[in-house]
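**Student:** Going by this note's numbering, the first residue of the sequence shown is number 577, and it counts up by one from there.
Built from N, CA and C at the ideal position, the CB exists for glycine as well.
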Amino acid sequence: MKQNTINQNLVKNTTKTRSVLQVTNAKTTLEGEGFVVHRAFPNGSLREVDPFLLLDEMGPIEISAGEAKGAPDHPHRGFETVTYMIDGVFEHKDSQGHSGKIKAGDIQWMTAGSGVIHSEMPEKEFSQKGGTLHGFQLWVNLPKKDKMMNPRYQDLPANKIPIAQKDGVKVKVIAGESMGEKAIIDTRTPIIYLHFTLQPNAKVTQTIPQNYNAFAYVINGEGLFGDKQISAHKEQIVLFEQDGNEITIKASDEMSSPLDVLLIAGIPLGEPVARYGPFVMNTEDEIKQAILDYNTGKMGKIDF
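Written out as structure tokens, the structure reads:
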């Protein structure tokens, strides 16, 4: 009994809830053929959260029949794109010969590596009928040693994503571990990507390695974050300090609807970042080479 008490005290003394560094608003902008996104970063107040380069929320927006817009053929090199659909259906193709559909709840994890040309367009039937379009795209930087690796895809249907539920909290484990469930995605850069849904007044505490950078993005509702329970609401990003090894999120008891929030964290690479549009490398010379390789057709083309 005495030994158990000592162990419990040791655990208690080595856990610390992170504080909130800042809360900022996503900025509305246009992408691709002109579809609306809410850009959490980069924006005027937050450039990047190493190893993450960008987070866009696409919609939610009601699309009329025949009016859906997407992102036609465009290149990427040096990082990974993670597409998470909440509603709607997108089709993708690339210069490596890959193609498929990303439906509601699905994940597409694309490692661009040395370079691909790909397109992300509303699926034909969805485009014809219209409907709700809602999703997220996260850009994850690759370390220098992996920037020129062979491109690859990991397509994860909604029914394969681990889910846990307890005490008014539901979590979809896209990357990392939470509430006893472990993701099946293989990540080049160690990261955590969780989608929490908390009923009013519910609370969750998530373990995060102290050396990870971490942020939350509020999809819907209002919540209280960190050790001092800082408030944040829909379309706001909460950036946490690296001053603890757990993060607390509590749904406001004043809201009638649940709190939907993404919690994302990763080990910072600490490497130089040179970026130009769809290319993210370590030096300006590497960016120039990426542009040259694209312009001379070395990244291929979509011809099927």
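(1) Which residue wins for smallest C-alpha separation from MET661, given the options ALA647, LYS645 and GLY635?
(2) My assumption, with CB atoms under 8 Å, is that LEU839 sits in contact with ALA792. Please give the rounded CB distance.
(3) In angstroms, rounded to a whole number, what distance separates the CA positions of PHE712 and GLY802?
(4) So, using beta-carbon positions, are ILE903 and GLY876 closer together than 7 Å?
(5) Taking the beta strand (DSSP E) that ASP670 belongs to, which residues open and close that run?
(6) Ignore the nearest five residues each way along the sequence and tell me which others in THR859's own chain have a CB closer than 8 Å to its CB.
(7) Which two residues bound the contiguous beta strand (DSSP E) that contains THR769?
(8) Assuming THR781 and THR824 make a contact with CB atoms under 8 Å, what is their CB distance in whole Å?
(9) Answer yes or no: do LEU718 and PHE655 have a C-beta to C-beta separation smaller than 7 Å?
(10) Could you compute how far the alpha carbon of SER595 sits from the alpha carbon of GLU822?
(11) Okay, do the region 720-734 and the region 674-683 touch, 3+ Cβ pairs below 8 Å being the bar?
(12) Starting from LEU868 and walking both ways along the alpha helix (DSSP H), at which residues does that stretch end?
(13) Could you tell me which residues DSSP pairs with ARG653 in its beta bridges?
(14) Less than 7 Å separating the beta-carbons of TRP715 and THR657?
(15) What residue from MET724, ILE878, GLU696 and ARG728 has the CA that sits closest to ARG653's CA?
(16) So the alpha helix (DSSP H) GLN704 belongs to, where does it begin and stop?
(17) If contacts are defined as beta-carbon pairs under 8 Å, then PHE855 and ALA841 qualify, I think. What distance do you get, rounded to the angstrom?
(18) With a CB to CB cut of under 6 Å and the five nearest residues on each side skipped, what residues in its chain are close to LYS669?
(19) So, LYS746 versus LYS779, is the Cβ gap smaller than 7 Å?
(20) Using only alpha-carbon positions, find the residue among LYS677, LEU868 and PRO651 that is nearest to ASP663.
(21) Would you report the Cα separation of ILE806 and ASN777, rounded to the nearest angstrom?
**Tutor:** Quick answer:
(1) Your numbering for residue 661 matches position 85 in the sequence shown. Cα-wise, what sits closest to MET661 is GLY635.
(2) As a working mapping, residue 839 is identified with position 263 in the sequence shown. As a working mapping, residue 792 is identified with position 216 in the sequence shown. Between ALA792 and LEU839 the Cβ distance is about 5 Å, and since that is below 8 Å, they are a contact.
(3) On the sequence shown, residue 712 is found 136 positions in, with the first residue counted as 1. On the sequence shown, residue 802 is found 226 positions in, with the first residue counted as 1. If you take the alpha carbons of PHE712 and GLY802, they lie about 24 Å apart.
(4) In the structure displayed, the chain extends from 577 to 880; residue 903 sits before or after that span and is not available.
(5) For the purposes of this step, residue 670 is taken as the residue at position 94 of the sequence shown. Residues 666-670.
(6) Looking up residue 859 in the sequence shown gives position 283. Within the same chain, THR859 has close Cβ partners PRO848 and ALA850.
(7) In the sequence shown, the residue the question calls residue 769 occupies position 193. For the sequence presented, residue 769 should be read as Tyr rather than Thr. Per DSSP, TYR769 belongs to the beta strand (DSSP E) from 767-774.
(8) Here residue 781 refers to the residue found at position 205 when the sequence shown is read from its first residue. Here residue 824 refers to the residue found at position 248 when the sequence shown is read from its first residue. Indeed, because the Cβ distance is near 5 Å, the residues count as touching under 8 Å.
(9) The sequence position of residue 718 within the sequence shown is 142, counting from 1. The sequence position of residue 655 within the sequence shown is 79, counting from 1. Yes, the pair counts as a contact, with Cβ atoms nearer than the cut-off.
(10) Here residue 595 refers to the residue found at position 19 of the sequence shown. Here residue 822 refers to the residue found at position 246 of the sequence shown. Rounded to the nearest angstrom, the two C-alpha atoms are 10 Å apart.
(11) yes
(12) One-based indexing of the sequence shown puts residue 868 at position 292. Counting along the chain, the alpha helix (DSSP H) containing LEU868 begins and ends at 860-871.
(13) Locating residue 653 in the sequence shown gives position 77, where the first residue counts as 1. According to DSSP, which records beta bridges pairwise, ARG653 is partnered with PHE855.
(14) What you label residue 715 is simply residue 139 of the sequence shown in a count that begins at 1. What you label residue 657 is simply residue 81 of the sequence shown in a count that begins at 1. Yes; because the gap between Cβ atoms is below 7 Å, this pair is in contact.
(15) Along the sequence shown, read from residue 1 onward, the residue named residue 653 stands at position 77. Measuring from the Cα of ARG653, the nearest candidate turns out to be MET724.
(16) Position 128 of the sequence shown, counted from the first residue, corresponds to residue 704. Residues 700-705.
(17) Here residue 855 refers to the residue found at position 279 when the sequence shown is read from its first residue. Here residue 841 refers to the residue found at position 265 when the sequence shown is read from its first residue. Actually they do not touch by this definition, with Cβ atoms about 25 Å apart.
(18) Here the question's residue 669 lines up with position 93 in the sequence shown. Within the same chain, LYS669 has close Cβ partners SER675, SER695 and ILE878.
(19) Reading the sequence shown from its first residue, position 170 is the one you call residue 746. Reading the sequence shown from its first residue, position 203 is the one you call residue 779. For LYS746 and LYS779, no; Cβs fall outside 7 Å.
(20) In the sequence shown, residue 663 corresponds to position 87, counting from 1. The residue with the shortest Cα to Cα distance from ASP663 is LYS677.
(21) Looking up residue 806 in the sequence shown gives position 230. Looking up residue 777 in the sequence shown gives position 201. Roughly 15 Å between the two C-alpha positions.
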